[in-house]
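Shown next, in structure tokens, is the structure this report addresses.
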DNA sequence: CTGATACAACTAGTATGGTAGTATGGCGAG
DNA sequence: CTCGCCATACTACCATACTAGTTGTATCAG
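Residue numbers (the numbering used here), protein chains in the order written: chain A, 95 to 344; chain B, 95 to 344.
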């Protein structure tokens, strides 16, 4: 388990402080270095990294937009617990966007260079199976999906995927090492590539859709095993009415 | 044409200042009150609204994440010009998500109350046709799509749609009043509702997809008529590969 | 007149101070 | 013992001050 300081050291000093803080805190929330429900505070974090409160505040705001923390004015900032609802919604968005991406790839085809890169990533993923190197696989998986999106020139799509991934990765991290075997995931990646190469649109969509449904199988088990990590859910109660509110800012 | 001050007056005083500023500036960019390419500055905006630089800065950061302004460190902040590429990418994401939403609606069905609301919105949209009340129609259109997304319990999807809409709405605002006749758009909405009611998944997807492709027809014309609003870029040339960037906050 | 350089006038980024609102624990009244 | 009030110690939000980097311009050397 990495510490906050270790992650801080990995960030580039040339980047703005608020950005470095955001990266560190985002990873910390995803990897459960910061526990769901835990209270943060501008001052506390500022002291930890020897910076002022202002960039910390800005990082908090960004984190709250990503749905990773909740800022309660005049009260405090808290790491949000994993919400089954939020995870399912994030998965829905991700599937919608990413299926559209592979569809485009299968329809229009993609650059040979991109295809080469995908195959390369696939091979490197295979090498993670035997040593069960989850961390490395995690990064390669991210690279795989990014390469796909950027390969069809859809940068905005990748940004959306990256955003909603945070919710999903928290669950994935929780499920290590009892999650889906890496081999299975690699095979799914292989199927996606194969379908794109074959220009089989339907098959590509199916393969991606199936791949992104993996997370669903582990959820119920996780809720049972780590109830403290999850928001107590009024399972089918209807949530706040966000209706008239303008966009997300806050 | 509204002024910044008028929009400021419409925001709720109880909301945080940065949020009110964000709303005002976002609308101003979309409605071209702030011209593409125009330089802003924290101090200037702060003085305009008699607030300090800090909340202005935070609003700028949020706007830059939405792709509406670009913050250049130590130099200035500029309203981004409309980028054909960004518009097409935003449209792609929106279609992906929103088609998935109607698909879900047609598959699982939606609450009668939601259906009633959609019909109500549709009727009110019809009443905008004859007086050609674009502003009112714009708000009803937004409400229509929001009602649909929230009707299938996909709040995260709506947040994404709302986010990418900003790019698209800038174009729409530019194209008024030469855009698609309102009647045509209302008919498309009607088709979407009808398909959902008929539980015809394929038809629902088709109807939504078609609806969201409207914007494509006006683009080339707009680029010809308002070149200053658009980022220079050989109109139909294949765009260069996007720079590989980390997530937005960086 | 041309080119380089120093400086002035901006900019955003970060640090710090002040204010108002909220939770909490203890104390006193019932 | 229980309930309500109030002091206290937090919090985030906003304002202000300071730092550092960029740009345009005026000045001076060649």
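Glycine is no exception: its CB is placed at the ideal position from the N, C-alpha and C atoms.
Residue 303 of chain B and residue 114 of chain B have their C-alpha atoms spaced approximately 34 Å apart. Residue 195 of chain A carries a helical assignment under DSSP once its states are collapsed to helix, strand and coil.
In chain order, 301 place their CB closer than 7 Å to the CB of residue 285 of chain A, counting only its own chain and leaving out the 5 sequence neighbours on each side. Here residue 129 of chain B carries a coil assignment [DSSP, helix/strand/coil]. With distances taken between CA atoms, residue 135 of chain B lies nearest to B:173 out of B:104, B:173, B:159 and B:124. Contact annotation: in the stretch 130-156 of chain B, residues whose CB is within less than 9 Å of a CB in chain A are 148, 151, 152, 153, 155 and 156. Just so you know, the alpha carbons of residue 237 of chain A and residue 214 of chain A end up roughly 11 Å apart. According to DSSP, residue 164 of chain A shares a beta bridge with A:172.
About 20 Å separates the beta carbon of residue 185 of chain A from that of residue 276 of chain A, a gap too long to meet the 8 Å contact definition. Between residue 106 of chain B and residue 153 of chain B, the CB-CB gap reaches or exceeds 9 Å.
Residue 99 of chain B is classed as exposed because its beta carbon has fewer than 16 other beta carbons within 10 Å across all chains shown.
Annotation: residue 110 of chain B to residue 326 of chain B spans about 37 Å, alpha carbon to alpha carbon. For residue 104 of chain A, not one C-beta of chain B is nearer than 9 Å to its own C-beta.
Distance between residue 97 of chain B and residue 240 of chain B, taken at the CA atoms: about 27 Å. Taking one beta carbon from each stretch, the stretch 250-257 of chain B and the stretch 180-200 of chain B have 3 or more pairs nearer than 8 Å; the two touch.
When Cβ-Cβ separations below 9 Å define contact, residue 183 of chain A makes contact with chain B.
Comparing alpha-carbon positions, the option among B:165, B:313, B:181 and B:104 lying closest to residue 249 of chain A turns out to be B:181.
Between residue 131 of chain A and residue 199 of chain A, the C-beta spacing is not below 9 Å. Between the stretch 133-149 of chain A and the stretch 163-171 of chain A, the count of C-beta pairs closer than 8 Å reaches three or more; the two stretches touch. The criterion of a C-beta distance shorter than 9 Å is satisfied by residue 242 of chain B and residue 212 of chain B. Look at residue 324 of chain A here: in three-state DSSP terms it is strand. The closest CA to that of residue 197 of chain A, considering only A:179, A:294, A:322 and A:312, is found on A:294.
Around the beta carbon of residue 315 of chain A, a 10 Å sphere encloses fewer than 16 other beta carbons of the protein chains shown; the residue is thus reported as exposed.
Straight across, the Cα-Cα distance linking residue 222 of chain B with residue 230 of chain B is about 7 Å. Interface criterion met: the Cβ of residue 247 of chain B is under 9 Å from a Cβ in chain A. Here residue 306 of chain A carries a coil assignment [DSSP, helix/strand/coil]. Ranked by Cα distance from residue 205 of chain B, the first of B:164, B:287, B:157 and B:159 is B:287. Chain A places a beta carbon closer than 9 Å to that of residue 194 of chain B, counting this residue as a contact. With a cutoff of 9 Å on beta-carbon distance, residue 193 of chain B and residue 194 of chain A are scored as near each other.
About 6 Å separates the beta carbon of residue 265 of chain B from that of residue 176 of chain B, a gap short enough to meet the 8 Å contact definition. Closest in C-alpha terms to residue 281 of chain A, from the list A:156, A:127, A:251 and A:220, comes A:220.
Here the C-alpha atom of residue 251 of chain B lies approximately 16 Å from the C-alpha atom of residue 299 of chain B. Taking the Cα positions, residue 140 of chain B is about 6 Å away from residue 150 of chain B. Membership of residue 277 of chain B in the alpha helix (DSSP H) is indicated by the continuous run 276-291. Residue 134 of chain A is bridged by DSSP to A:171. In this structure, the alpha-carbon of residue 179 of chain A lies about 44 Å from that of residue 320 of chain B.
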